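Undergrad: One structure is given below, represented as structure tokens, and several questions about it will come after.
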Amino acid sequence: MKPRDRLRIAMQKSGRLTEPAQELLARCGLKFRQSRDKLFCFGEGEPVDLLLVRDDDIPGLIAEGVCDLGIVGRNVLREFQFSNVEAGTGLDELRPLGFGHCRLSIAVPQEDAYDGPAQLGGQRIATSYPGLLGEWLRSNGVDAKVVMLAGSVEIAPRLGTADAICDLVSSGATLVANQLREAAVVVESEAVLAGRRELPADERGEIAELLLRRLDGVIQVRD
Ligand code: ATP
Ligand code: ZN
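Position 4 of the sequence shown, counting from 1, maps to 3 under numbering that gives the first Met the number 0, and the rest follow consecutively.
As structure tokens, then:
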């Protein structure tokens with residue numbers, strides 16, 4: 000790969016994190032102009048560019064060195080770390096960013112009693128987060144079957160393809176609409192700044208340090 004001298008930050012192209020991430024970078028004094036194909040935003044002052052992608056691709060792009068930093072949900076970052084142990088160990092959560100709050104939770108049918116993790120033993124649990132759910136089950140000593148679903152996880156119990164689910168919850172309205180209730184929290188999540196454990200030891204590292212300092216200022220003011 001050709002060495003880059005500009006810092007590259009990956010962020011979600013279109014979704015819940017897009018607007019707050021853009022706003023945060025603007026507050027850090029960064030200005031961008033979007034490329035015609037809407038894949039890049041080029042920094043106009045600082046040597047910092049954005050790569051606009053699906054959120055799920057962000058940890059892998061950082062691990063491969065295509066990007067230096069990324070703005071992504073803790074849920075997505077941690078799932079990558081648990082399911083790609085080798086590539087994932089090089090990645091770190093550098094800062095929590097204070098938006099995109101939600102939790103990855105286990106939910107059971109409303110009519111089921113829930114009196115602790117042991118009750119999930121032998122059940123089929125549908126999720127898009129097999130790494131994080133698997134880790135939670137292991138640490139709670141539960142032997143359950145993880146059913147991987149890419150989307151529409153919340154309808155699995157009604158369809159009869161799972162007994163419980165493990166999915167993202169914020170208000171809980173989707174759970175109620177699907178006659179489910181939250182039983183246990185697996186991960187408390189928010190958007191985070193992700194990066195490799197070691198910042199690049201060149202100009203990009205210096206720009207990253209500068210950005211982190213500005214970010215700390217912005218986050219402090221907001222708190
Ligand atoms: P993409 O097309 O980028 O893959 P997506 O559908 O996976 O988009 P969004 O629904 O925009 O992603 O969610 C992005 C992130 O927003 C989630 O990974 C999570 O960290 C956060 N988030 C906050 N609240 C919620 C919620 N209620 N449901 C889902 N995600 C939420
Ligand atoms: Zn996604």
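All C-beta atoms in this analysis are idealised placements derived from N, C-alpha and C, irrespective of residue type, glycine included.
This one's a predicted model, so the numbers in the text were calculated from it and none came from an experiment.
If you draw a straight line from the C-alpha of G97 to the C-alpha of L167, how long is it?
TA: 17 Å
Undergrad: Using the three-state DSSP reduction, which class does E63 fall into: helix, strand or coil?
TA: coil
Undergrad: Apart from the five residues on each side of it in sequence, which residues of its chain come closer than 6 Å, Cβ to Cβ, to V71?
TA: D54, I57, A193
Undergrad: Which two residues bound the contiguous alpha helix (DSSP H) that contains S138?
TA: 129-138
Undergrad: If we ignore side chains and look at the alpha-carbon of each, how far apart do Q118 and E63 end up?
TA: 40 Å
Undergrad: I want to know whether the segment 91-109 touches the segment 168-181 - three or more CB-CB distances under 8 Å.
TA: yes
Undergrad: Going by the C-beta, is D226 closer than 7 Å to any heavy atom of the ligand ZN?
TA: With the chain running from 0 to 222 in the structure shown, residue 226 is simply not present.
Undergrad: Within the same chain, show all residues whose beta-carbon is closer than 6 Å to that of R196, passing over the 5 residues directly before and after it, in chain order.
TA: G89, D91
Undergrad: Taking just the CA atoms, how far does V191 sit from A163?
TA: 28 Å
Undergrad: Residue range of the beta strand (DSSP E) that P95 falls in?
TA: 90-95
Undergrad: Using 8 Å as the threshold, is the segment 105-119 in touch with the segment 182-191, meaning 3 or more CB pairs across them?
TA: yes
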